[in-house]
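Each residue of the sequence shown is one higher than the one before, counting from 164 in the working numbering. Here is the structure we will look at, set down as structure tokens.
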Amino acid sequence: MRKLLILILLPLQLIAQEETNSELFWNKLKTYCGKAFEGTILAGGKEGDGFTGEKLVMHIRSCEENTIRIPFFVGEDKSRTWVFTISTDKLIKLKHDHRHKDGTEDKVTQYGGINPNMGLPNIQFFPADKYTADLISYASNNVWWVTIDETSFTYNLRRIGTNRLFSVKFDLTREIEAPTAP
Numbered sequence: 164m165r166k167l168l169i170l171i172l173l174p175l176q177l178i179a180q181e182e183t184n185s186e187l188f189w190n191k192l193k194t195y196c197g198k199a200f201e202g203t204i205l206a207g208g209k210e211g212d213g214f215t216g217e218k219l220v221m222h223i224r225s226c227e228e229n230t231i232r233i234p235f236f237v238g239e240d241k242s243r244t245w246v247f248t249i250s251t252d253k254l255i256k257l258k259h260d261h262r263h264k265d266g267t268e269d270k271v272t273q274y275g276g277i278n279p280n281m282g283l284p285n286i287q288f289f290p291a292d293k294y295t296a297d298l299i300s301y302a303s304n305n306v307w308w309v310t311i312d313e314t315s316f317t318y319n320l321r322r323i324g325t326n327r328l329f330s331v332k333f334d335l336t337r338e339i340e341a342p343t344a345p
């Protein structure tokens, strides 16, 4: 009877120990902690938008147990940081932290969303949350998504119901010198 119980319970214990898709995504992102990469605009860039023609750099600067901070530099502008947090229920949240040069928060900051499910190991979606809709009404239909694999990281934004699409891809095979702090 004891052997039968072990045969039944051991597979259940092994299944319970498997990582969720969001944890697999999280852990993949953490493997790049401390590293910086240059990116290129894939979609949504246009002359005069503040991004086109600028050097785009992401620096996976800080990896704590439940928070990953990735400053996103656009030329000399170091005001943007993507902040990912993972909750105890293994859902990932993306927030956009915008700061002034003196370090104080911009009035339009901390917007983003939370993944409504575990996503996939290589992609997580973040529909705009209530805070975002209240802060920036036109962004209430925003959906951000981030992909990661062995060669690239992409940050993407689609405003549902409009033509608004922005996508930037970073080459994870070519680490660059880490920039100074934002």
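Every residue gets a Cβ at the ideal spot worked out from N, C-alpha and C, and that includes glycine.
Going by DSSP, what residue range makes up the alpha helix (DSSP H) through residue i?
i    : result
E376 : The question about residue 376 has no answer, for the chain in this structure spans 164 to 345.
Over the uninterrupted beta strand (DSSP E) stretch that includes residue i, give me the two end residues.
i    : result
G305 : Going by the sequence as given, residue 305 is Asn instead of Gly. Segment 305 to 311, the beta strand (DSSP E) holding N305.
S242 : 240 to 249
E338 : 328 to 339
Could you give the distance in angstroms between the alpha-carbon of residue i and the alpha-carbon of residue j?
i    : j    : result
H222 : K332 : 13 angstroms
G203 : T251 : Checking the sequence, you will find Thr at residue 203 rather than Gly. Straight-line Cα distance between these residues: approximately 34 angstroms.
P345 : P234 : 7 angstroms
T314 : T325 : 30 angstroms
E182 : D212 : 40 angstroms
F289 : P342 : 27 angstroms
Could you pull out every residue in the same chain whose Cβ sits closer than 6 angstroms to the Cβ of residue i, ignoring the five residues on either side in sequence?
i    : result
R322 : N304, N305
K258 : V246, Q273, G275
Go through its chain and collect everything with a Cβ distance to residue i's Cβ below 7 angstroms, but skip five positions before and after it.
i    : result
L187 : P284
L298 : V271, Y274
A206 : L328, F329, S330
Y195 : I223, L335
I214 : Checking the displayed sequence, the identity of residue 214 turns out to be Phe instead of Ile. Same-chain partners within the cutoff: I204, G208, V237.
C226 : K193, C196
Which residue or residues does DSSP assign as beta-bridge partners of residue i?
i    : result
P275 : In the sequence as presented, Pro is not what sits at residue 275; that position holds Gly. Looking at the DSSP assignment, G275 forms a beta bridge with K258.
L219 : G202, V237
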